[in-house]
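Participant: Each residue of the sequence shown is one higher than the last, beginning at 14 in the working numbering. Think of the CB as a built atom: it goes at the ideal place given N, C-alpha and C, for glycine as much as any other residue. Quick one: the structure is below, questions incoming.
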Amino acid sequence: MSRVISVVNQKGGTGKTTSVINISAYLARLGYKTLIVDMEPQANATLYLGIDPLSLEQSMYDVLLKEAVSLGDIILSTEIENLHIAPAQVSLSNTDINLADKPNKQYRLKEKLSSVKDRYDYIVIDCPPSLSLLPVNALTASDELIIPLQPKYLSLEGLKQLKVSLDRTRTELNPSLKMLGILFTMADMRLKMTKHCMDLVKEHFGDKVFSSVIRVYSKFNEAPITGQSIFEYAPQSRGAEDYKSLTEEIVNRGNIFYNNSFFPIVTASQRTRKFF
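Here you go:
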């Protein structure tokens with residue numbers, strides 16, 4: 014049975030696509046059949062894997078808007094064994110307008126995923142940094158979600174807003190959606206503010222925060238130019254080490270029973286300062 018995982022944050026620049034690519038690449042290396050679903054109109058995951066969106070006849074836009082186009086019709090193999098992608102194009106930016114009058118508009122992706130889920134062990138969805146129907150469809154179709162978060166003050170403020178959106182989606186559309194974890198990305202461990210922000214999030218979210226941390230690393234910016242994950246581009250690097258640790262944690266967390274709490278309730282006595 015496949016696990017469907019959305020990587021989501023309303024704020025851009027959190028390392029979301031980098032995480033989708035490298036988590037998926039290492040899952041594939043472990044032998045898991047893995048599908049990336051690119052729901053980002055900028056098509057960053059598609060571009061990262063060396064696919065030119067302009068060369069595509071069909072993409073996720075067609076899957077979401079056209080009954081006759083199945084997800085299987087657009088899936089492409091990649092240079093990485095066991096890793097496939099459902100690519101995106103800029104046309105996805107028109108999804109909200111063109112889906113507005115469609116029945117079950119929040120469930121389009123879930124319906125289309127049903128035809129391919131038995132082919133994959135993991136389906137990882139790259140969500141756009143927005144409040145549009147695209148991330149709503151992704152979250153409605155998902156079993157679990159990962160929130161990549163830079164340990165900076167403004168990122169923590171954004172987490173408050175994201176919590177409201179996620180709570181609403183879970184309540185109204187997908188009650189079984191689980192928080193797989195909050196992931197610290199681009200963490201500069203030399204800075205005191207980094208540790209302060211990380212401690213604050215851990216205080217409120219406890220074991221919902223991944224133990225693995227993705228440290229700031231220049232080669233994450235270089236790897237997409239080559240179309241390679243960090244495991245091909247710099248296999249012995251600290252970046253590869255960080256994503257290897259994270260992916261193993263994701264696999265192991267799938268075997269842990271979580272209660273039904275999504276965001277934990279924190280009493281006033283547990284807080285050192287007001288956060289939520």
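Just mark asparagine 265 as buried or exposed, buried being the case when its beta carbon has 16 or more other beta carbons within 10 Å.
Facilitator: As a first step, residue 265 must be located in the sequence shown, where it is residue number 252. Per the 10 Å Cβ criterion, exposed.
Participant: Which one of Ile227, Asp134, Tyr246 has the shortest CA to CA distance from arginine 258?
Facilitator: Along the sequence shown, read from residue 1 onward, the residue named residue 258 stands at position 245. One point to set straight first is that residue 258 is serine, not arginine, in the sequence displayed. Ranking the options by Cα distance to serine 258, first place goes to Ile227.
Participant: At 3 residues or longer, and completely inside the stretch 42 to 68: list those beta strand (DSSP E) runs for me, N to C.
Facilitator: 47 to 51, all fully within the stretch 42 to 68.
Participant: Using only the alpha-carbon positions, how far apart do alanine 99 and threonine 108 sit?
Facilitator: As a first step, residue 99 is located in the sequence shown; it is residue number 86 there, counting from the start. As a first step, residue 108 is located in the sequence shown; it is residue number 95 there, counting from the start. Rounded to whole angstroms, alanine 99 to threonine 108 spans 16 Å at the Cα level.
Participant: Which term fits glutamate 53, buried or exposed, when burial requires 16 or more other beta carbons within 10 angstroms of its beta carbon?
Facilitator: The sequence position of residue 53 within the sequence shown is 40, counting from 1. Glutamate 53 should be labelled buried.
Participant: Quick one: what's arginine 16 bridged to in DSSP?
Facilitator: By one-based count along the sequence shown, residue 16 stands at place 3. In DSSP, arginine 16 forms a bridge with Tyr135.
Participant: Go to arginine 121, then tell me how far its alpha helix (DSSP H) extends in each direction, as first and last residue.
Facilitator: The sequence position of residue 121 within the sequence shown is 108, counting from 1. Per DSSP, arginine 121 belongs to the alpha helix (DSSP H) from 121 to 126.
Participant: Which one of Glu124, Gln55, Asp51, Leu43 has the shortest CA to CA distance from serine 83?
Facilitator: Position 70 of the sequence shown, counting from 1, holds the residue named residue 83. Of the candidates Glu124, Gln55, Asp51, Leu43, the one whose C-alpha sits nearest the C-alpha of serine 83 is Glu124.
Participant: Give me the DSSP bridge partner(s) of histidine 97.
Facilitator: In the sequence shown, the residue the question calls residue 97 occupies position 84. The partner list for histidine 97 (beta bridge, DSSP) reads Leu48, Ser90.
Participant: How big is the Cα-Cα spacing for asparagine 117 and leucine 162?
Facilitator: Counting from one through the sequence shown, the residue named residue 117 turns up at place 104. Counting from one through the sequence shown, the residue named residue 162 turns up at place 149. Approximately 31 Å, taken between the alpha carbons.
Participant: Between which two residues does the alpha helix (DSSP H) containing lysine 176 stretch?
Facilitator: Along the sequence shown, one-based indexing puts residue 176 at 163. Note, lysine 176: alpha helix (DSSP H), 166 to 185.
Participant: In its own chain, which residues sit with a C-beta less than 8 Å from the C-beta of serine 352, not counting the 5 before and 5 after it?
Facilitator: Limits of the chain in this structure are 14 at one end and 289 at the other, which puts residue 352 out of reach.
Participant: So, for serine 104: in the same chain, excluding its five sequence neighbours on each side, which residues have a beta-carbon less than 6 Å away from its beta-carbon?
Facilitator: For the purposes of this step, residue 104 is identified with residue 91 of the sequence shown, where counting begins at 1. Contacts found: Tyr74.
Participant: Rank Asn111, Leu67, Ala101, Asn234 by C-alpha distance to the C-alpha of threonine 59 and give the top, closest one.
Facilitator: Counting from one through the sequence shown, the residue named residue 59 turns up at place 46. Of Asn111, Leu67, Ala101, Asn234, the residue nearest in Cα terms is Ala101.
Participant: On the three-state DSSP scale, how would you describe glycine 85?
Facilitator: For the purposes of this step, residue 85 is taken as the residue at position 72 of the sequence shown. In the structure shown, glycine 85 sits in a helix (DSSP, three-state: H, G or I).
Participant: First and last residue of the beta strand (DSSP E) that includes valine 198?
Facilitator: Counting from one through the sequence shown, the residue named residue 198 turns up at place 185. What sits at residue 198 in the sequence shown is threonine, not valine. Threonine 198 -> beta strand (DSSP E) spans 191 to 200.
Participant: Between the Cα of glutamate 80 and the Cα atoms of Lys221, Leu122, Ile160, Gly63, which residue gives the shortest distance?
Facilitator: The residue you call residue 80 lines up with position 67 of the sequence shown. Nearest of Lys221, Leu122, Ile160, Gly63 to glutamate 80, Cα basis: Leu122.
Participant: Compare the C-alpha of valine 33 against each of Asn95, Arg16, Cys140 and name the closest.
Facilitator: Counted from its first residue, the sequence shown places residue 33 at position 20. The shortest C-alpha separation from valine 33 is found at Cys140.
Participant: Hey, would you say isoleucine 195 sits closer than 8 Å to phenylalanine 223, going by beta carbons?
Facilitator: Along the sequence shown, read from residue 1 onward, the residue named residue 195 stands at position 182. Along the sequence shown, read from residue 1 onward, the residue named residue 223 stands at position 210. Yes, the pair counts as a contact, with Cβ atoms nearer than the cut-off.
Participant: DSSP has valine 226 in a bridge; who is on the other side?
Facilitator: In the sequence shown, residue 226 corresponds to position 213, counting from 1. BP columns for valine 226 point to Phe197.
Participant: If I'm right that valine 229 touches methionine 192 with Cβ under 8 Å, what's the distance once you round it to whole angstroms?
Facilitator: In the sequence shown, the residue the question calls residue 229 occupies position 216. In the sequence shown, the residue the question calls residue 192 occupies position 179. Valine 229 to methionine 192, Cβ: 24 Å. No contact.
Participant: Which value, in whole angstroms, describes the spacing of the CA atoms of leucine 40 and lysine 215?
Facilitator: Locating residue 40 in the sequence shown gives position 27, counting from the first residue. Locating residue 215 in the sequence shown gives position 202, counting from the first residue. One C-alpha to the other measures close to 26 Å.
Participant: For isoleucine 238, does the count of other Cβ atoms within 10 angstroms reach 16, so buried, or fall short, so exposed?
Facilitator: As a first step, residue 238 must be located in the sequence shown, where it is residue number 225. Exposed is the call here.
Participant: My output table needs one value for glutamate 262: the three-state DSSP class, helix, strand or coil.
Facilitator: Taking the first residue of the sequence shown as position 1, residue 262 is located at position 249. Note: glutamate 262 maps to helix in three-state DSSP.
Participant: So, are the CB atoms of leucine 175 and asparagine 22 less than 8 Å apart?
Facilitator: Taking the sequence shown and counting its residues from 1, one reaches residue 175 at position 162. Taking the sequence shown and counting its residues from 1, one reaches residue 22 at position 9. Against a cut-off of 8 Å, the Cβ pair of asparagine 22 and leucine 175 comes out as a contact.
Participant: Between which two residues does the beta strand (DSSP E) carrying leucine 105 extend?
Facilitator: Sequence index remark: in the sequence shown, residue 105 carries index 92 (1-based). Run containing leucine 105: none; DSSP gives neither H nor E here.
Participant: Would you report the Cα separation of leucine 77 and serine 250, rounded to the nearest angstrom?
Facilitator: By one-based count along the sequence shown, residue 77 stands at place 64. By one-based count along the sequence shown, residue 250 stands at place 237. Roughly 38 Å between the two C-alpha positions.
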